[in-house]
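To start, the structure itself, in structure tokens.
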Amino acid sequence: METTKPVFLKGFVKVPMPSEMRGVMLAENDWAKDLGLDQAELLQMAEYMYPYRGEKGATVFREGDSESFMCLICEGELQISRSDCSASLSVIGPGATVGEMALIDGDPRSATALALSELLLYVMTRSNFFRLAEDHPTIWGKLIFKIARQMSHRLRLSNQALAEHLAPPRPAEKLWTPTRIG
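Positions 637 to 818 (the numbering used here) are the ones given, in order, by the sequence shown.
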């Protein structure tokens with residue numbers, strides 16, 4: 637298993653915790669519950685994820701970074717933003733994940749993730765993701781299906797937002813139509 641901290645978890649500290657305890661904590665998380673894994677499988681998956689704690693203002697990753705890992709938020713909130721957008725894209729909290737695209741395709745980060753509060757994250761690196769595939773293909777299959785569903789949901793939301801942005805303005809509705817008398 638990997639023991640090195642991902643480079644772009646600046647301001648985060650790895651929390652020493654046995655995999656059994658990580659498995660118990662995973663079992664309490666809604667995201668992990670939705671995977672459909674039994675307790676033994678959660679314990680096995682926990683061997684591939686490591687807890688990190690970070691303070692408010694810590695950077696999980698920056699847009700353009702090349703480090704590939706996914707984070708499951710257990711405590712706290714993250715702000716997701718892009719350099720080409722003045723507003724925050726979203727604020728996510730416990731049970732949400734971030735970094736799935738980089739985990740899957742290995743491409744640079746498409747956004748920046750910043751801690752809005754103290755955070756507890758479970759981190760799976762890309763190399764551990766592929767080790768999980770080799771060692772426990774059934775667990776990996778359930779994980780990849782969950783990630784695909786999340787990415788599909790996010791793509792649908794993006795498509796809807798894009799369609800609303802590109803749609804021509806709607807004509808004003810007539811609230812009253814004059815009638816002719818006589």
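Yeah, the Cβ is synthetic: ideal placement off N, Cα and C, and Gly gets one too. Only a predicted model underlies this, so the values are computations on that prediction, with no experimental measurement involved.
Subject >> Pro687 - DSSP class collapsed to helix/strand/coil >> reply: strand
Original post:
Would Ser719 be called buried (16 or more neighbouring beta carbons within 10 Å of its own) or exposed?
Top reply: exposed
**OP:** Report, in whole angstroms, the separation of the C-beta atoms of Phe705 and Arg762, which I expect to be a contact under 8 Å.
**Re:** 6 Å
Original post:
Going along the chain, which residues of its own chain have a beta-carbon closer than 6 Å to the beta-carbon of Gly690, five neighbours each way excluded?
Top reply: Gly647, Phe648, Ala751, Leu755
Original post:
Sorry if obvious, but does the Cβ on Lys650 come closer than 8 Å to a heavy atom of the ligand MN?
Top reply: Looking for the ligand MN in the displayed structure turns up nothing, as the structure carries no ligands at all.
Original post:
When you compare each of Val759, Gln786, Leu725, Lys692 to Gly712 by their alpha carbons, which one comes out closest?
Top reply: Lys692
**OP:** With Ile740 as the anchor, note down where its alpha helix (DSSP H) starts and where it stops.
**Re:** 736 to 741
Subject >> Three-state secondary structure (DSSP) of Val617 >> reply: Any answer about residue 617 is impossible in this case: the structure gives the chain only from 637 up to 818.
**OP:** Ignore the nearest five residues each way along the sequence and tell me which others in Ser655's own chain have a CB closer than 6 Å to its CB.
**Re:** Ala682, Glu683
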